[in-house]
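Undergrad:
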Amino acid sequence: MTALLLTLICCLPAATVWSAPPLEPAIDRLVTSGGLVVTLDGLVLADTRSSEYFVPASTIKVATALVALETLGPGYRFATDIYLRGDGRLCIKGYGDPFLTTERVREISAELKARGLRRVTGLVLDDTSFALDEPADGSENSTNPYDAPGGALVVNFNALPLLKQQSGTITSPEAQLPVLPLTKEIGTQLPAGHHRVNVAAFDSPGALDTPLRYVAELFSALLRLEGIDVSGTAVRGTVGIDDKLLLRYVGPKTTAEIIRSCLKHSNNYIANQLFLSAGASHHGYPATWEKARHTATNILVNRHHLPAEQFQLIEGSGLSRRTRVTPTFMIALLEAFKPYADLLSPLQGIPLKSGTMRNIYCYAGYFSQEHRLDPFVILLNQPPNTRRELLGLLHRLHQNARQTSRLIEASRATTATR
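Residue numbers (mature numbering (1 follows the signal peptide of the UniProt record, and there is no 0)): -19 to -1, 1 to 399.
1) Could you check what DSSP says for Tyr321 in three-state terms: helix, strand or coil?
2) Helix or strand or just coil, what does DSSP make of His246?
3) Do Leu104 and Ser39 come within 9 Å of each other at the CB atom, strictly closer than that value?
4) Could you please give the first and the last residue of the uninterrupted alpha helix (DSSP H) stretch that includes Ala7?
5) May I ask which residues mark the beginning and end of the alpha helix (DSSP H) holding Gly168?
6) When the Cα atoms are used, what is the spatial distance from Leu206 to Val19?
7) For Glu33, which residues in the same chain have their Cβ closer than 7 Å to its Cβ, ignoring the five residues on either side in sequence?
8) Just the Cα atoms here: how many angstroms apart are Leu(-14) and Ile251?
9) Please name the residue in Leu372, Gly260 and Gly336 whose C-alpha comes closest to that of Tyr347.
10) Which residues bound the beta strand (DSSP E) around Arg217?
11) Could you tell me which of Leu378, Val36 and Val101 sits nearest to Leu26, measuring between CA atoms?
12) Apart from the five residues on each side of it in sequence, which residues of its chain come closer than 8 Å, Cβ to Cβ, to Glu155?
13) Go ahead and pull the three-state DSSP assignment for Ala382.
14) What is the rounded straight-line gap between the Cα of Arg241 and the Cα of Ala46?
15) Kindly list the residues whose CB is nearer than 6 Å to the CB of Ser153, restricted to its own chain and excluding five residues on each side of it in sequence; keep chain order.
16) Could you please give the first and the last residue of the uninterrupted beta strand (DSSP E) stretch that includes Ile359?
17) Are the beta-carbon atoms belonging to Leu93 and Leu204 less than 9 Å from one another?
18) Determine the burial state of Glu290: buried for a count of at least 16 other Cβ atoms within 10 Å of its Cβ, exposed for fewer.
19) Can you find at least 3 beta carbon pairs, one from the region 72 to 89 and one from the region 213 to 230, that sit closer than 8 Å?
20) Any idea if Pro186 is buried or exposed, counting beta-carbon neighbours within 10 angstroms, 16 or more meaning buried?
21) Report yes if the CB atom of Thr269 is closer than 9 Å to the CB atom of Ala382, and no otherwise.
22) Would you decide whether Pro320 is buried or exposed? Buried here means 16 or more other CB atoms lie within 10 Å of its CB.
23) If you measure between the beta carbons of Leu226 and Leu134, is that distance less than 9 Å?
24) Taking its Cβ as the centre, do 16 or more other Cβ atoms sit within 10 Å of Glu51, making it buried, or is it exposed?
25) Helix, strand or coil for Leu71, going by three-state DSSP, please let me know.
26) Indicate the three-state DSSP secondary structure (helix, strand or coil) for Ala27 in the structure shown.
27) Check Lys272 in the structure and name its three-state DSSP category.
28) Just checking, does the region 175 to 183 make contact with the region 118 to 132 on the three C-beta pairs under 8 Å criterion?
29) Measure how close the beta-carbons of Cys343 and Leu314 come, nearest whole angstrom, since I'm counting them as under 8 Å.
30) What's the call for Arg70, buried or exposed, on a 16-neighbour Cβ count within 10 Å?
31) Relative to the C-alpha of Asp118, which residue among Ile73, Tyr57 and Glu271 is closest?
32) Whose C-alpha, out of Ser301, Gln329, Ala322 and Ile8, is nearest the C-alpha of Ile41?
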């Protein structure tokens, strides 16, 4: 059942009073299992099942973004440390940089060459800044990149692009990314065509798991491109007290820039890297799911006074169907997120975050007019995807209500001057 906020308008001539269309039949037709709220100047224009729990899918990334911004800070930049061991091995220690891409590894390699590095006798990969006993809840470990797991030391979002010709030839579709042994190994298991795969979905025969093997092969290839001799093997290990710090590489992207990209592309990997890093920032390394959940709850409930009983946050991306929220919680979250609303991407001029999984279709964002931001949320947990039609319906309701509000203000101003 839809509840409408009826505003008493007694100061306008009858001809200027906007009459609300009957929303209940339209919303009841479009919402078979879901909830929604639309607001205007802090007042509720319409709501349906606003205190019931629903799966938010990727709209929960707004909560992750808020927590990361207020723990790490909007200007925070992730670092990766490079050490040299006495036996000539290069030690690489990661701290969860979500954007440790081929370009960044190339920059690291060039800087190491500039600092005099000429020979490496092996690699030691230190990923102990994260201690994850399981992947993100909801991940199916499919070959799809949206299932790519996080970690302290990860390259290219744990996703590997490759092109396989009908002849069986395997190449890299990205000029800056060399063809690695891992590229060929995974490519032999795929049909011809363009692919971008979650490397963790493929087994690796050696001592390293596939994500760390990807790190080792990419660093080795790009160090060699800089003319640095690389020999020996790569192992998982930890930086020692006697290892010499050669370089602390600080990535160019700030938290705010990373979040803008994460929200635009709805990248699950980036979202959980931020979620876990926020927990480590608050509670100390290593990052864990429990620390991340505790930090998020603390920020949302104790700092922003969001209703603790109206949400359950399992992980930061929205993959988990055990994450549950009420529409009322989402409206309160969006109120808290207003200072960062410009990080959301617009859909037909409406800044919002979408959320989509099987039988889950959600929007959370703002109807804006005259620099005012009015939160709205649509959480559909049902087979028919009617969210776009609902968005249009609620947008028209908001526009008409805003127009009526202006007429009321104008009428009051006229009356006051008489």
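For each residue, glycine too, the CB sits at the ideal point set by N, CA and C.
Every value quoted in this text rests on a predicted model; they were computed, and no experiment measured them.
TA: Taking the coordinates as given:
1) helix
2) helix
3) no
4) Leu4 to Leu11
5) Pro162 to Gly168
6) 55 Å
7) Gly16 and Thr307
8) Note that Leu(-14) scores a pLDDT of 37, beneath 50, so its modelled location is shaky; the value from the coordinates is reported in the next line. Computed Cα separation, rounded: 42 Å.
9) Leu372
10) Ala215 to Arg217
11) Leu378
12) Thr83 and Pro142
13) helix
14) 9 Å
15) Val160
16) Arg353 to Leu361
17) yes
18) exposed
19) yes
20) exposed
21) no
22) exposed
23) no
24) buried
25) strand
26) strand
27) helix
28) yes
29) Contact doesn't hold; Cβ gap of about 13 Å is too wide.
30) buried
31) Glu271
32) Ser301
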